[in-house]
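K.L.:
In this note's numbering, the protein residues as written are 12 to 601.
My structure is below; once you've seen it, I'll send some questions.
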Amino acid sequence: MNISPLGALARTHTAGELTTADVGTEVVLLGWVHRVRDLGSLVFVDLRDRHGLTQVVARENETLVADAKRLRSEFVIAVIGTVVARAADAVNAKMKTGEIEVDARELRLLNEAKVPPFSISNEEAPIAEEMRLRYRYLDLRRPRMQHNLALRHRATMEIRKYFDEHGFLEIETPMLTKSTPEGARDYLVPSRVHPGEFYALPQSPQIFKQILMISGMDRYFQIVKCFRDEDLRSDRQPEFTQVDLEISFATEELVFTTIELLMDRLLALVGKSTPRPFTRLPYSEAIARYGSDKPDLRPGMEIQDLSAAFAGSSFSVFRDVVAAGGEIRGFVVRGGASYSRKDLDELTDAAKGLGASGLVWARNAAGAVQSSALKVAGEDTIRRALDTAGAGEGDLLLLAAGKHEPTSKVLGALRLTVAKTENLLDPDRFEFLWVVDFPMFEWLEEEGRYEFMHHPFTAPLESDAPLLETDQGRARARAYDLVLNGSEIAGGSIRIHDQAIQRLIFKLLKMSDEEAKLRFGFFVDALEYGTPPHGGIALGLDRIVALLSGEPSIRDVIAFPKTAQAQDLMAGAPSAVNEKQLRELKLRGL
Numbered sequence: 012m013n014i015s016p017l018g019a020l021a022r023t024h025t026a027g028e029l030t031t032a033d034v035g036t037e038v039v040l041l042g043w044v045h046r047v048r049d050l051g052s053l054v055f056v057d058l059r060d061r062h063g064l065t066q067v068v069a070r071e072n073e074t075l076v077a078d079a080k081r082l083r084s085e086f087v088i089a090v091i092g093t094v095v096a097r098a099a100d101a102v103n104a105k106m107k108t109g110e111i112e113v114d115a116r117e118l119r120l121l122n123e124a125k126v127p128p129f130s131i132s133n134e135e136a137p138i139a140e141e142m143r144l145r146y147r148y149l150d151l152r153r154p155r156m157q158h159n160l161a162l163r164h165r166a167t168m169e170i171r172k173y174f175d176e177h178g179f180l181e182i183e184t185p186m187l188t189k190s191t192p193e194g195a196r197d198y199l200v201p202s203r204v205h206p207g208e209f210y211a212l213p214q215s216p217q218i219f220k221q222i223l224m225i226s227g228m229d230r231y232f233q234i235v236k237c238f239r240d241e242d243l244r245s246d247r248q249p250e251f252t253q254v255d256l257e258i259s260f261a262t263e264e265l266v267f268t269t270i271e272l273l274m275d276r277l278l279a280l281v282g283k284s285t286p287r288p289f290t291r292l293p294y295s296e297a298i299a300r301y302g303s304d305k306p307d308l309r310p311g312m313e314i315q316d317l318s319a320a321f322a323g324s325s326f327s328v329f330r331d332v333v334a335a336g337g338e339i340r341g342f343v344v345r346g347g348a349s350y351s352r353k354d355l356d357e358l359t360d361a362a363k364g365l366g367a368s369g370l371v372w373a374r375n376a377a378g379a380v381q382s383s384a385l386k387v388a389g390e391d392t393i394r395r396a397l398d399t400a401g402a403g404e405g406d407l408l409l410l411a412a413g414k415h416e417p418t419s420k421v422l423g424a425l426r427l428t429v430a431k432t433e434n435l436l437d438p439d440r441f442e443f444l445w446v447v448d449f450p451m452f453e454w455l456e457e458e459g460r461y462e463f464m465h466h467p468f469t470a471p472l473e474s475d476a477p478l479l480e481t482d483q484g485r486a487r488a489r490a491y492d493l494v495l496n497g498s499e500i501a502g503g504s505i506r507i508h509d510q511a512i513q514r515l516i517f518k519l520l521k522m523s524d525e526e527a528k529l530r531f532g533f534f535v536d537a538l539e540y541g542t543p544p545h546g547g548i549a550l551g552l553d554r555i556v557a558l559l560s561g562e563p564s565i566r567d568v569i570a571f572p573k574t575a576q577a578q579d580l581m582a583g584a585p586s587a588v589n590e591k592q593l594r595e596l597k598l599r600g601l
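Structure (structure tokens):
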């Protein structure tokens, strides 16, 4: 069987659309061999393309059967034949095309293939991620990956349609721009025309989209590539895609409504919905109740302040913490009284690894109170703590002591550990949450200065504006993050539109006039020309599609992602360049 040219042969149908309504129709199918089953005088070939699978049967003559026997996985073929109904006992209800097959009249080999380094037809076979990324062109043939990228396409199209319907303009902003570090390192691009000078790839279109509001564009959006040179993990990539938007004369309510309606449309793509309006939680409350500024609401298990239950206790460790201004905090694990000592020791070790001095547990088991602190705290105190926390028969209470925020964060991490162990993170449940009223600044102890929590263009809460000059550590920002199932999928704010406030923010950040002008001069100048109140948000498209598809890593919803070491294993990037290229850029190799 020799390789044949495609010639004028044209596909009449995809491999995922034929039904019993097409019985008797002559068709031309083009695609890859997914699987071959040789039954002697009868050969079945599963033909695959992006749209699905169709079973092809070769039985008409010896030559045709012999040709079918020579086919191997991933050969590219053309099939000419007639659609026939399968016998009742051969119907495959799991396939869209499972009620029919194509009786082949002719098979053409369009191209051969080497034996793939991993199975494409067996979705259950484990494959090392490094292998998948090195042979990404094969990995992308797998139905799971084709589904993910098709979902990403549908999401992108729905986003564009939605914003067009709501009066937004899609406007592109520069990829080669000025380095204005926003928290992560910039990717720098040397200029050949201006030796010794560099462009930066944008970490976000932040300044440009605000300038578009100054320019009177009113409503802007863009699906845009952004670049950050930072340490990577499952939900980070050096280049990632944002759904970016900005609205003139915006309030928080307008931004929230706009995004909630958009999320409704995206959830509908996977047959899901969620109540609106989304829950809202101030930053301080998110930390207090869930130990995180991006809490997962699905497990429940809210953290509580149980200091009062230990008032007057003989337990000196807890008593001293409270006397020093700390708190005793904890959460209840329903049914957790069955945890073994080994389980509890592992949780204690985890708490210590997160920075806690230890972990105290207490439980109601068979009518008896048990606790790792029973001897030092006394049964009455432990029972009071269990009752205050609402721990009933068979429940477990986990307690930690210390300063409010770090203790809450330790318990927040343990809460998620328990939630995973107890299978409380239902992947089919979508819990959205707006986290609002973030601190305006965070204090950098080593540098002796404040740093912005989000970015330096975020407006303060109007009620907190006076604090900027008297007690900036207490000032809260008009910033908001959208959290879905414990993942931050969007972040934004109402922006500063008053030049005087913007200059004050730079001053509070100990940024000199010269540094501010060097980094943001063009933007500060633009603020002088009638800037409207405005606000916006940026959504992480990669994260959203990963959550919609149920994928744990955004690498599985990006066609050509980088590894955790920021490498493209397929293309071999980054790589060295030749000396001529370096000389043109006035650079020297290491």
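Glycine included, every Cβ here is placed at the ideal spot set by N, Cα and C.
What whole-angstrom Cβ distance do residue 412 and residue 422 have, given they're in contact under 8 Å?
P.N.:
If you number the sequence shown from 1, residue 412 lands on position 401. If you number the sequence shown from 1, residue 422 lands on position 411. Not quite, the Cβ-Cβ distance comes to about 11 Å (not below 8 Å), so this is no contact.
K.L.:
To which residues does DSSP link residue 88 through a beta bridge?
P.N.:
Residue numbering aside, residue 88 sits at position 77 when the sequence shown is read from its first letter. In the DSSP output, where bridge partners are listed per residue, residue 88 has 42, 120.
K.L.:
Looking at residue 179 and residue 122, is the spacing between their C-beta atoms short of 8 Å?
P.N.:
Within the sequence shown, residue 122 is the residue found at index 111, counting from 1. Within the sequence shown, residue 179 is the residue found at index 168, counting from 1. Not a contact, by the Cβ cut-off of 8 Å.
K.L.:
Going by DSSP, name the residue or residues bridged to residue 242.
P.N.:
In the sequence shown, residue 242 corresponds to position 231, counting from 1. According to DSSP, residue 242 bridges with nothing at all.
K.L.:
Buried or exposed: which applies to residue 24, given that a residue is buried once 16 or more other Cβ atoms fall within 10 Å of its Cβ?
P.N.:
The residue you call residue 24 lines up with position 13 of the sequence shown. Residue 24 should be labelled buried.
K.L.:
Do you know offhand how far residue 158's Cα is from residue 313's?
P.N.:
Taking the first residue of the sequence shown as 1, we reach residue 158 at position 147. Taking the first residue of the sequence shown as 1, we reach residue 313 at position 302. Going from the Cα of residue 158 to the Cα of residue 313 covers about 36 Å.
K.L.:
Indicate the three-state DSSP secondary structure (helix, strand or coil) for residue 392 in the structure shown.
P.N.:
Start at 1 with the first residue of the sequence shown, and residue 392 comes out as number 381. It is helical.
K.L.:
Could you tell me the distance, in whole angstroms, from the CA atom of residue 56 to the CA atom of residue 134?
P.N.:
In the sequence shown, counting from the first residue as 1, residue 56 sits at position 45. In the sequence shown, counting from the first residue as 1, residue 134 sits at position 123. Spanning the two alpha carbons is a distance of roughly 18 Å.
K.L.:
With a cut-off of 8 Å on the beta carbons, I'd call residue 222 and residue 534 a contact; round off their distance for me.
P.N.:
On the sequence shown, position 211 is the one that residue 222 refers to. On the sequence shown, position 523 is the one that residue 534 refers to. Right, the Cβ-Cβ distance comes to about 7 Å (below 8 Å), so this counts as a contact.
K.L.:
Return the CA-CA distance between residue 266 and residue 491, expressed in angstroms with no decimal places.
P.N.:
If you number the sequence shown from 1, residue 266 lands on position 255. If you number the sequence shown from 1, residue 491 lands on position 480. Approximately 10 Å, taken between the alpha carbons.
K.L.:
Tell whether a beta-carbon distance below 8 Å holds between residue 238 and residue 214.
P.N.:
Taking the first residue of the sequence shown as position 1, residue 238 is located at position 227. Taking the first residue of the sequence shown as position 1, residue 214 is located at position 203. Yes, they are a contact pair.
K.L.:
Using three-state DSSP, classify residue 152 as helix, strand or coil.
P.N.:
In the sequence shown, residue 152 corresponds to position 141, counting from 1. Here residue 152 sits in coil by DSSP.
K.L.:
Straight-line CA distance for residue 550 to residue 254?
P.N.:
As a working mapping, residue 550 is identified with position 539 in the sequence shown. As a working mapping, residue 254 is identified with position 243 in the sequence shown. Near 5 Å, if we compare the C-alpha coordinates of residue 254 and residue 550.
K.L.:
From what residue to what residue does the beta strand (DSSP E) around residue 338 run?
P.N.:
Along the sequence shown, one-based indexing puts residue 338 at 327. Start and end: 338–344.
K.L.:
Return helix, strand or coil for residue 417, following the three-state DSSP convention.
P.N.:
Taking the sequence shown and counting its residues from 1, the one referred to as residue 417 is at position 406. Residue 417: helix per DSSP, three-state reduction.
K.L.:
Taking its Cβ as the centre, do 16 or more other Cβ atoms sit within 10 Å of residue 429, making it buried, or is it exposed?
P.N.:
The sequence position of residue 429 within the sequence shown is 418, counting from 1. It is buried - the Cβ of residue 429 has at least 16 other Cβ atoms within 10 Å.
K.L.:
Out of 540, 16, 583, 310, which one is the CA nearest neighbour of residue 435?
P.N.:
Reading the sequence shown from its first residue, position 424 is the one you call residue 435. Nearest option by C-alpha distance: 310.
K.L.:
Do residue 115 and residue 90 have their beta-carbon atoms positioned less than 8 Å apart in this structure?
P.N.:
As a working note, residue 90 is residue 79 in the sequence shown. As a working note, residue 115 is residue 104 in the sequence shown. Contact flag set, yes.
K.L.:
Please state whether the Cβ-Cβ distance between residue 108 and residue 74 is less than 8 Å.
P.N.:
Here residue 108 refers to the residue found at position 97 when the sequence shown is read from its first residue. Here residue 74 refers to the residue found at position 63 when the sequence shown is read from its first residue. No, Cβ-Cβ distance for residue 108 and residue 74 is not below 8 Å.
K.L.:
Restricting to runs no shorter than 3 residues, where is the beta strand (DSSP E) found entirely within the segment 285–352?
P.N.:
Taking only runs of at least 3 residues, the beta strand (DSSP E) segments lying wholly in the segment 285–352 are 290–293, 338–344.
K.L.:
With 16 other CB atoms within 10 Å as the buried threshold, where does residue 511 fall?
P.N.:
Locating residue 511 in the sequence shown gives position 500, counting from the first residue. Looking at its Cβ environment, which holds fewer than 16 other Cβ atoms inside 10 Å, residue 511 is exposed.
K.L.:
Start and end of the beta strand (DSSP E) containing residue 500?
P.N.:
What you label residue 500 is simply residue 489 of the sequence shown in a count that begins at 1. First-last of the beta strand (DSSP E) with residue 500: 498–505.
K.L.:
Is the separation between the beta-carbon of residue 249 and that of residue 577 shorter than 8 Å?
P.N.:
Looking up residue 249 in the sequence shown gives position 238. Looking up residue 577 in the sequence shown gives position 566. A contact, by the Cβ cut-off of 8 Å.
K.L.:
Is residue 35 closer than 8 Å to residue 93 when the C-beta atoms are compared?
P.N.:
Here residue 93 refers to the residue found at position 82 of the sequence shown. Here residue 35 refers to the residue found at position 24 of the sequence shown. Yes, these two residues count as a Cβ contact at 8 Å.
K.L.:
Is it true that the segment 154–174 meets the segment 561–576, where meeting means three or more beta-carbon pairs spaced less than 8 Å apart?
P.N.:
The segment 154–174 is in contact with the segment 561–576.
K.L.:
In its own chain, which residues sit with a C-beta less than 8 Å from the C-beta of residue 39, not counting the 5 before and 5 after it?
P.N.:
Here the question's residue 39 lines up with position 28 in the sequence shown. These residues qualify, in order along the chain: 20, 21, 22, 23, 24, 89, 90, 91.
K.L.:
Where does residue 509 land, buried or exposed, given buried means 16+ other C-beta within 10 angstroms?
P.N.:
As a position in the sequence shown, residue 509 is number 498, starting the count at 1. Exposed: under 16 other Cβ atoms inside 10 Å.
K.L.:
With DSSP collapsed to three states, give me the class of residue 69.
P.N.:
Counting from one through the sequence shown, the residue named residue 69 turns up at place 58. If DSSP states are grouped into helix, strand and coil, residue 69 belongs with the strands.
K.L.:
Just checking my contact of residue 494 with residue 408 at CB under 8 Å: how many whole Å lie between their CB atoms?
P.N.:
For the purposes of this step, residue 494 is taken as residue 483 along the sequence shown, with counting starting at 1. For the purposes of this step, residue 408 is taken as residue 397 along the sequence shown, with counting starting at 1. With 8 Å as the limit, residue 494 and residue 408 do not qualify as a contact, their Cβ atoms being about 26 Å apart.
K.L.:
Alpha carbon to alpha carbon, what distance is there between residue 166 and residue 15?
P.N.:
What you label residue 15 is simply residue 4 of the sequence shown in a count that begins at 1. What you label residue 166 is simply residue 155 of the sequence shown in a count that begins at 1. So the alpha carbons of these two residues sit roughly 38 Å apart.
K.L.:
Could you check whether the segment 380–400 touches the segment 330–338, counting it as contact only if at least three pairs of C-beta atoms, one from each stretch, sit closer than 8 Å?
P.N.:
Segments in contact, no.
K.L.:
Classify residue 496: buried if its beta carbon has 16 or more other beta carbons within 10 angstroms, exposed otherwise.
P.N.:
The count along the sequence shown starts at 1 and reaches residue 496 at position 485. Label assigned to residue 496: buried.
K.L.:
Helix, strand or coil for residue 477 per DSSP?
P.N.:
The residue labelled residue 477 in the question sits at position 466 within the sequence shown. Here residue 477 sits in helix by DSSP.
K.L.:
Straight-line CA distance for residue 119 to residue 81?
P.N.:
As a working note, residue 119 is residue 108 in the sequence shown. As a working note, residue 81 is residue 70 in the sequence shown. One C-alpha to the other measures close to 11 Å.
K.L.:
Does DSSP classify residue 482 as helix, strand or coil?
P.N.:
Counting from 1 along the sequence shown, the entry for residue 482 is found at position 471. Coil at residue 482, not helix or strand.
K.L.:
Confirm, please, whether the CB-CB distance from residue 520 to residue 463 is below 8 Å.
P.N.:
The residue labelled residue 463 in the question sits at position 452 within the sequence shown. The residue labelled residue 520 in the question sits at position 509 within the sequence shown. Cβ distance < 8 Å, so residue 463 and residue 520 count as in contact.
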